[in-house]
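Q: Here the protein sequences come in this chain order: B and U.
So for the first sequence, the working numbering puts the first residue at 4; every next one is plus one.
So for the second sequence, the working numbering puts the first residue at 7; every next one is plus one.
Structure incoming, see below.
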Amino acid sequence: MSILIDESTRLIVQGITGREGSYHTEQMIKYGTKVVGGVTPGKGGQEVCGVPVFNSVKEAMAATGADATVIFVPAKFMKDSVMEAIDAGMKMVFTIAEHVPVHDMMYCYHLAKARGVKLFGPNSFGVISPGKTKAGFMAGYFFSQGSVGVMSRSATNCYETVKMMTDNGIGQSTCVGVGGDMIPGTTFVELLPDFEADPDTKAVVIIGEIGGSEEELAAAYIKEHFSKPVVALIAGKNAPKGRSMGHAGAIVSADGTGSAEHKERALRDAGVYCADSTQHIIDILLDLKAEGKI
Amino acid sequence: MKLLEYKAKELFDKYGVPTMNGCVIDSSENMEGEIEKAGLTYPVVVKAQVQIGGRGKAGGIRFADTPQEAKKHCEDLLFTELRGYKVNQLLIVEKSENNKTELYLSIMLDRLTKCPIIIFSANGGMEIEQTAKEDPDKIIKIVVDPFVGIKDYMATYLLSKSGMDLSYKKQLTAMLTKLYAAFMDYSCMLVEINPLVINAEDQLVALDGKIDIDDSAMFRLPDIQEFAAKLQPDNPLIKEAAEYNFLYIPVDEEGTITVVSNGSGMLMSCIDLISKEGMKVSAVLDLGGGATSDRIKEAIRILLSTPGAKALLINIFGGITRCDEVAGGVKMALEEAHQDKIVVVRMEGTNKEIGLATIDSIKDVDIVSVPGLRECVKALADRRDRL
């Protein structure tokens with residue numbers, strides 16, 4: 004099994020006729036994803052990679068029975084595309100673009116929660132259930148099917164980790180890009196119950212970074228409710244300081260929330276293995292494998 | 007994008023948030039004329055327009071009882087430096103005298119609740135972090151549902167909870183409503199008034215203003231773009247990189263290694279690992295996703311012009327960024343400029359083979375190609391004596 008998406012997922016691509024949209028539609032189909040259609044306003048009736056293009060999400064859903072969408076439109080149009088998808092009744096929405104205005108994402112986040120929609124990203128590579136399907140722009144070849152769930156705020160750090168996992172014979176159940184922005188549609192703590200419930204996920208890797216409190220929230224959940232081994236990496240220990248938001252920003256972080264040290268302390272306290280490099284993640288996973296835990 | 011005070015005041019005026027009468031001086035010639043034209047009543051306050059904390063202590067805020075005094079302060083402050091920041095504008099405002107009290111009010115975007123949050127304190131004037139530390143009960147917060155917005159009961163709560171007279175409710179509600187409108191319209195991360203005074207006439211007036219606008223929303227804010235274009239950047243390379251939509255981040259002035267990657271996560275990991283080996287990074291550049299070779303060429307050129315740079319690490323794990331595009335850009339940049347720098351390349355991901363073949367074809371450059379992140383750091387450490 005896997006979480007969120009699998010072979011049965013019927014995906015549409017919003018922005019399918021664009022440079023990135025069409026290229027990654029081809030890549031997703033090659034990987035085995037059931038891409039059943041695409042949306043570009045004004046290009047309805049065309050075909051991309053053998054799948055039909057529609058003018059609107061509503062028409063695409065009616066014609067194809069799609070149950071998930073990946074949005075490849077530029078950042079400034081993302082809010083409208085997400086709202087259209089949610090309004091059309093889509094229950095799983097993956098957003099990719101970086102530099103999405105935070106206020107736009109604030110709006111989309113609360114709309115998605117109110118309508119019971121699973122929204123992922125932005126600034127994310129998407130989601131992949133290796134060997135089954137992928138929704139996003141990650142290259143597929145270095146992922147491998149297995150029993151470790153991965154969630155990451157960074158695409159590049161996730162790729163690095165996953166490639167080393169694959170090279171060392173450790174496969175993945177599902178890898179989720181929660182995204183690197185200030186407001187992610189879905190955070191680590193919301194995905195943990197899915198990984199806990201998935202019988203094929205034996206352990207979870209969390210790739211976090213400085214800023215925000217997503218890792219602390221995950222740690223609190225793990226401590227009380229999560230039974231499987233968790234390995235975490237916090238990137239950015241040596242990142243240059245002083246890129247904060249100013250006075251008011253310092254209020255919420257007056258207790259140290261956001262620093263790598265604070266996050267690692269919370270994670271360790273919850274029994275999470277903290278790694279200091281991607282190589283170290285692999286070493287810990289290999290130990291878990293030797294102990295028969297994964 | 008943090009606005010200077012005078013620009014924040016401009017937005018406050020636009021939204022009807024009460025401020026003091028004032029004018030902006032940006033040249034020594036029109037100084038007297040501007041003050042006269044604004045029809046200011048003395049005494050006035052001359053405020054240096056620089057983004058530093060403790061501006062008053064640094065001598066950037068001065069009081070004047072007469073035009074002569076004001077002119078003297080202007081001459082003393084304009085185009086000088088305050089803690090390393092050049093003063094290019096002065097804001098001159100009428101002084102608000104015999105204030106009854108100083109309050110603090112801000113609206114910020116809260117990461118935890120993903121909502122705008124109102125922060126209010128009857129202890130204004132001082133740095134809010136200090137109040138947060140010493141007297142956390144004096145800070146009142148309200149999380150605003152973005153689908154609901156500002157409602158009358160919020161001002162009542164803020165006043166009641168901080169032990170203030172409820173008679174200010176109408177004024178505070180108006181203030182919150184206007185500030186919130188500015189916050190939403192301008193995609194702000196923060197709008198802050200400190201101090202917000204109750205003056206001798208019992209009116210709420212903003213005596214200072216801080217506004218921080220989300221850089222990603224700049225495309226729809228032409229007036230802020232205009233303001234930003236006039237600002238002098240701390241580092242010209244940041245501005246140059248931004249013109250190509252890249253993020254250039256200075257890290258350590260003593261560093262000799264520059265790093266380019268296609269994501270901030272990988273950049274942070276590179277800095278972490280290089281630092282762990284006792285080497286220093288001078289600057290990093292984030293290509294973001296999907297950069298094409300012509301833009302990547304500019305990225306490499308900008309990064310290599312970092313003062314003191316002796317090595318360049320190119321670490322790409324391409325998803326939406328294609329290795330062939332990266333390699334093409336790297337080749338153009340390195341062959342054109344006859345670089346004498348150490349170049350370490352690591353490429354993985356989309357179109358890796360084509361990319362690596364292009365890297366191999368680069369001539370007359372001290373360039374080495376390695377398979378992984380660990381090997382990148384090792385290749386740099388092996389050349390430590392030349393860094």
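Positions of the beta carbon are idealized from the N, C-alpha and C atoms, including for glycine.
1. Which of the three DSSP states is assigned to V23(U) in this structure?
2. Closest by CA to I348(U), which one among V376(U), C329(U), S367(U) and L319(U)?
3. So what's L202(U) in DSSP terms, helix, strand or just coil?
4. Which same chain residues end up closer than 7 Å to G249(B) when comparing Cβ atoms and leaving out the 5 residues on each side of it in sequence?
5. From A223(U) to V105(B), what distance separates their C-alpha atoms?
6. Between T159(B) and chain U, is any beta-carbon pair separated by less than 8 Å?
7. Give the range of the beta strand (DSSP E) segment to which Q17(B) is assigned.
8. In terms of residues, what are the limits of the beta strand (DSSP E) holding K167(U)?
9. Check the Cβ-Cβ distances between V105(B) and every residue of chain U, and say whether any is below 8 Å.
10. Please report how far the alpha carbon of E101(B) lies from the alpha carbon of I148(U), in whole angstroms.
11. Which whole runs of the beta strand (DSSP E) in the stretch 23–47 of chain U are 3 residues long or more, in chain order?
12. Among residues of its own chain, excluding the 5 on either side of I74(B), which ones have a beta-carbon nearer than 6 Å to its beta-carbon?
13. Just how far apart, CA to CA, sit A63(B) and V42(B)?
14. Closer than 7 Å by C-beta to T25(U): which residues in its own chain qualify, once you throw out the five before and the five after it? Chain order, please.
15. For Y224(B), go through chain U and note every residue whose CB falls closer than 9 Å to its CB, in chain order.
16. At a Cβ cut of 7 Å, what residues of the stretch 361–386 of chain U count as close to chain B, listed as they run along the chain?
17. Which of helix, strand or coil does DSSP assign to R156(B)?
18. Less than 8 Å between the C-beta atoms of L164(U) and L178(U), yes or no?
19. With contact counted as at least three CB pairs below 8 Å, one residue from each stretch, are the stretch 102–119 of chain U and the stretch 75–82 of chain U in contact?
20. Measuring straight from C-alpha to C-alpha, what distance separates P77(B) and P55(B)?
21. Consider the Cβ of M170(U): report whether some Cβ of chain B lies at a distance smaller than 8 Å.
22. In terms of residues, what are the limits of the beta strand (DSSP E) holding K53(U)?
23. For a contact meaning CB atoms closer than 7 Å, what does F146(B) contact in chain U?
24. Counting only beta-carbon separations shorter than 8 Å, does M181(U) have a partner in chain B?
25. Start and end of the beta strand (DSSP E) containing Y254(U)?
26. By the three-class DSSP mapping on this structure, what secondary structure does D143(U) have?
27. Alpha carbon to alpha carbon, what distance is there between S311(U) and R395(U)?
28. Would you kindly check if the distance between the Cβ of S102(U) and the Cβ of V203(U) is under 8 Å?
29. When the Cα atoms are used, what is the spatial distance from D366(U) to R380(U)?
30. Determine whether the beta carbon atoms of S230(B) and D201(B) lie at a separation below 8 Å.
31. Which one of G271(U), I134(U) and S267(U) has the shortest CA to CA distance from C329(U)?
32. Tell me the rounded alpha-carbon separation between D208(U) and E100(U).
33. Have a look at L109(U) and S157(B) and give me their C-alpha separation to the nearest angstrom.
34. By the 7 Å beta-carbon criterion, what residues does the stretch 110–138 of chain B contribute toward chain U?
35. Does the stretch 113–129 of chain B come close enough to the stretch 86–94 of chain B that 3 or more CB-CB pairs lie under 8 Å?
36. Does I58(U) pass the burial test, meaning 16 or more other C-beta atoms within 10 Å, or should it be called exposed?
A: The answer reads as follows:
1. By 1-based counting over the second sequence, the position of residue 23(U) is 17. It is coil, neither helix nor strand.
2. What you label residue 348(U) is simply residue 342 of the second sequence in a count that begins at 1. It is L319(U).
3. Stepping through the second sequence from its first residue, residue 202(U) is reached at position 196. In this structure, L202(U) counts as strand in the three-state DSSP scheme.
4. Looking up residue 249(B) in the first sequence gives position 246. Reliability fails at G249(B), whose pLDDT of 34 lies under 50, so the model's placement of it is uncertain and the value that follows must be treated cautiously. Correct list: empty, nothing qualifies.
5. Against the second sequence, residue 223(U) aligns to sequence position 217. Against the first sequence, residue 105(B) aligns to sequence position 102. Taking the straight line joining both Cα atoms gives about 8 Å.
6. What you label residue 159(B) is simply residue 156 of the first sequence in a count that begins at 1. Yes, contact with chain U.
7. Position 14 of the first sequence, counting from 1, holds the residue named residue 17(B). That run of the beta strand (DSSP E) goes R13 to Q17.
8. Counting from 1 along the second sequence, the entry for residue 167(U) is found at position 161. Taken as a continuous stretch (DSSP letters only), K167(U) belongs to no beta strand (DSSP E), being part of the alpha helix (DSSP H) at D158 to K167.
9. On the first sequence, position 102 is the one that residue 105(B) refers to. Judged by the 8 Å Cβ criterion, V105(B) is in contact with chain U.
10. Within the first sequence, the letter at position 98 stands for residue 101(B). Within the second sequence, the letter at position 142 stands for residue 148(U). When rounded, the distance between both Cα atoms is 30 Å.
11. 28–31
12. Here the question's residue 74(B) lines up with position 71 in the first sequence. Cβ within range, chain order: Q17, S84 and T98.
13. Residue numbering aside, residue 63(B) sits at position 60 when the first sequence is read from its first letter. Residue numbering aside, residue 42(B) sits at position 39 when the first sequence is read from its first letter. Between A63(B) and V42(B), the C-alpha separation is close to 7 Å.
14. Within the second sequence, the letter at position 19 stands for residue 25(U). Excluding positions up to five away in sequence, the list reads K15, F18, D19, V211 and A212.
15. Against the first sequence, residue 224(B) aligns to sequence position 221. Here the premise fails: no neighbours, minimum Cβ distance about 15 Å.
16. L379 and R380
17. As a working mapping, residue 156(B) is identified with position 153 in the first sequence. DSSP places R156(B) in coil when its eight states are reduced to three.
18. In the second sequence, counting from the first residue as 1, residue 164(U) sits at position 158. In the second sequence, counting from the first residue as 1, residue 178(U) sits at position 172. Result yes, Cβ atoms of L164(U) and L178(U) sit closer than 8 Å.
19. no
20. The count along the first sequence starts at 1 and reaches residue 77(B) at position 74. The count along the first sequence starts at 1 and reaches residue 55(B) at position 52. Their Cα atoms are separated by approximately 21 Å.
21. As a working mapping, residue 170(U) is identified with position 164 in the second sequence. Closer than 8 Å: no.
22. Against the second sequence, residue 53(U) aligns to sequence position 47. Where K53(U) is concerned, the enclosing beta strand (DSSP E) stretches over V50 to A54.
23. Sequence index remark: in the first sequence, residue 146(B) carries index 143 (1-based). Correct list: empty, because the minimum Cβ distance to chain U is about 11 Å.
24. On the second sequence, position 175 is the one that residue 181(U) refers to. With 8 Å as the cut-off, M181(U) does not count as an interface residue toward chain B.
25. Taking the first residue of the second sequence as 1, we reach residue 254(U) at position 248. Run containing Y254(U): L253 to P256, per the beta strand (DSSP E) assignment.
26. The residue given as residue 143(U) occupies position 137 in the second sequence. Helix at D143(U).
27. The structure shown does not extend to residue 395(U), since chain U is modelled only from 7 to 393, so the question has no answer here.
28. Sequence index remark: in the second sequence, residue 203(U) carries index 197 (1-based). Sequence index remark: in the second sequence, residue 102(U) carries index 96 (1-based). It is a contact, given that the beta carbons lie within the stated cut-off.
29. Within the second sequence, numbered from 1, the residue matching residue 366(U) stands at position 360. Within the second sequence, numbered from 1, the residue matching residue 380(U) stands at position 374. Between D366(U) and R380(U), the C-alpha separation is close to 21 Å.
30. Your numbering for residue 230(B) matches position 227 in the first sequence. Your numbering for residue 201(B) matches position 198 in the first sequence. Against a cut-off of 8 Å, the Cβ pair of D201(B) and S230(B) comes out as no contact.
31. Along the second sequence, one-based indexing puts residue 329(U) at 323. The residue with the shortest Cα to Cα distance from C329(U) is S267(U).
32. Here the question's residue 208(U) lines up with position 202 in the second sequence. Here the question's residue 100(U) lines up with position 94 in the second sequence. Approximately 17 Å, taken between the alpha carbons.
33. Here the question's residue 109(U) lines up with position 103 in the second sequence. Here the question's residue 157(B) lines up with position 154 in the first sequence. Cα to Cα, L109(U) sits roughly 40 Å from S157(B).
34. Y110, Y112, H113 and F128
35. yes
36. Indexing the second sequence from 1 puts residue 58(U) at position 52. It counts as exposed.
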